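Structure record follows, encoded as structure tokens.
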Amino acid sequence: MNRRRFLGTATATATAPLLACRGPEDGGEAQAPVPQRRPFEIYETETFVMNSASVGDDFLIAVSLPASYGTGEQSYRLVYVLDANISFGMTVEIARLFQVDLIRPGMPEMVLVGIGYPEPPMAGILRARDLTPAGSLSDDIVEALQSAEVYEGHGGAAEFLRFIEDELHPRIVGDYRVETEGTGFLGDSFGGLFTAYAFQQRSPVFDRYWMGSPGLLPADELLDGLPAAIAQGFERDTRVFVTMGELEETGAVGIYNDLAVGTRRLLDIFEANPAENLTVTSRVYPDATHITTVPPALTDAFTALFMG
């Protein structure tokens, strides 16, 4: 296993030692030092690349450990984070900030597992492949992805969920001291669509779901199957937190308007189908877009899903 104490493919620029250059003293012109690009380090975070037989591709896995991990033998709450190339650093630091909150203490320490891709430029393309259930994208969305050159197919959610449940999760449970109940699953946009899919499929791994601005169309078959999934009941305490930005619903971008209708239908289904041991909360963020809602919604997701 190749483990390193940093998020191996996060892209950031760090100031390197000054590079040798010809200056006025040796007949040349003064030149500014050239910065060297290298990975951005996240403290106490290990990474490894894992090949999936289910998907037929490699994934970059980042595991962030709590500050007390090396001081005892206790087990920790386990939280999986989708779109790790984009959101893992933010998620880790938000989780750590809760540990120094003197006004509202009580957030459990966590082992956070980010699922991303070894080549960051491919993340935008491969997430559409892995995070979307079959038949979940409209022609308009596919055309938008194609025009942005971030589309090479979709509908691989079943294979991706099988990778998490049958390949990744057993490895994490075997290698790290983690609790097996109360496991979190955090996703936004296509990631929120995928966490909704995992819930609808009644994944045995997760009990806490953040469905951030889920990319659900109003006529999505996933929504049609949700009442039957809820009707099967819940033996363990299960929590769902659904979020979106106000401007997704009221702004001038038609695709987001359609997806907001799908999110409203999702909430209506939850309201019409209450179940014992299932708690569903939601929030619409005023004057927020599909993008600007992410940091506050992610922060609130920790509180809604893991406090109390």
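Here the sequence shown is numbered in the numbering used here, starting from 12 and rising by one per residue.
Ideal Cβ positions, reconstructed from N, Cα and C, are used throughout, including at glycine.
Here the structure is a predicted model, which is why all the values come from computation and not from measurement.
Relative to the Cα of tyrosine 128, the nearest Cα in the group Leu142, Val153, Pro119 belongs to Leu142. The beta carbons of valine 124 and tyrosine 91 sit about 5 Å from each other, so the pair counts as a contact at 8 Å. A residue is called buried once 16 or more other Cβ atoms fall within 10 Å of its Cβ, and isoleucine 53 is buried on that count.
A contact is defined here as three or more CB-CB pairs under 8 Å, and the region 291-308 meets this definition with respect to the region 250-266. In this structure, the CA atom of proline 297 is about 29 Å from the CA atom of glutamate 154.
Proximity to glutamate 176 across Val66, Thr58, Thr56 peaks at Val66, based on C-alpha coordinates.
Closest in C-alpha terms to threonine 274, from the list Ala283, Leu228, Val291, comes Leu228.
Counted as a single uninterrupted DSSP element, the stretch harbouring methionine 118 is not any beta strand (DSSP E), since DSSP gives it neither H nor E. For leucine 197, the enclosing beta strand (DSSP E) has its first and last residue at 195-199.
For phenylalanine 70, the three-state secondary structure derived from DSSP is strand.
Secondary structure at tyrosine 208: helix, using DSSP grouped into helix, strand and coil. For glutamate 232, same chain residues with a beta-carbon under 8 Å away, outside a window of 5 residues either side, are Pro144, Gly146, Ser147 in chain order. In the structure shown, arginine 247 falls within a coil segment according to DSSP collapsed to helix, strand and coil. Counting along the chain, glycine 265 sits inside the alpha helix (DSSP H) bounded by residues 265-283. Exclusion of the five residues before and after glutamate 190 leaves Ser86, Tyr87, Arg88, Leu89 as the residues of its chain whose Cβ lies within less than 8 Å of its Cβ.
DSSP places serine 79 outside any alpha helix (DSSP H), giving it a letter other than H or E. The Cβ-Cβ distance between tyrosine 208 and alanine 240 does not fall below 8 Å. Cα atoms of glycine 135 and serine 63: separation of roughly 19 Å, rounded to the nearest angstrom. Our two residues, threonine 314 and threonine 249, have alpha carbons roughly 14 Å apart in a direct line. In the structure shown, methionine 101 falls within a helical segment according to DSSP collapsed to helix, strand and coil.
Your pair glycine 203 and methionine 222 checks out as a contact, with CB atoms roughly 4 Å apart and the cut at 8 Å. In the three-state reduction of the DSSP assignment, arginine 213 falls in the coil class.
Here isoleucine 126 carries a strand assignment [DSSP, helix/strand/coil]. In this structure, the alpha-carbon of asparagine 268 lies about 7 Å from that of glycine 262.
Burial check for glutamate 192: the Cβ neighbour count within 10 Å stays below 16, so the residue is exposed. Scanning Ala242, Gly195, Arg213, Gln211 for the CA closest to the CA of arginine 219 turns up Gly195.
Sequence-distant partners of leucine 258 (beyond 5 residues in either direction) whose C-beta falls short of 7 Å from its own C-beta, in its chain, are Asp298, Ala299, Thr300.
Boundaries of the beta strand (DSSP E) around arginine 88: 88-92.
When the Cα atoms are used, valine 295 and glutamate 260 turn out to be separated by approximately 10 Å.
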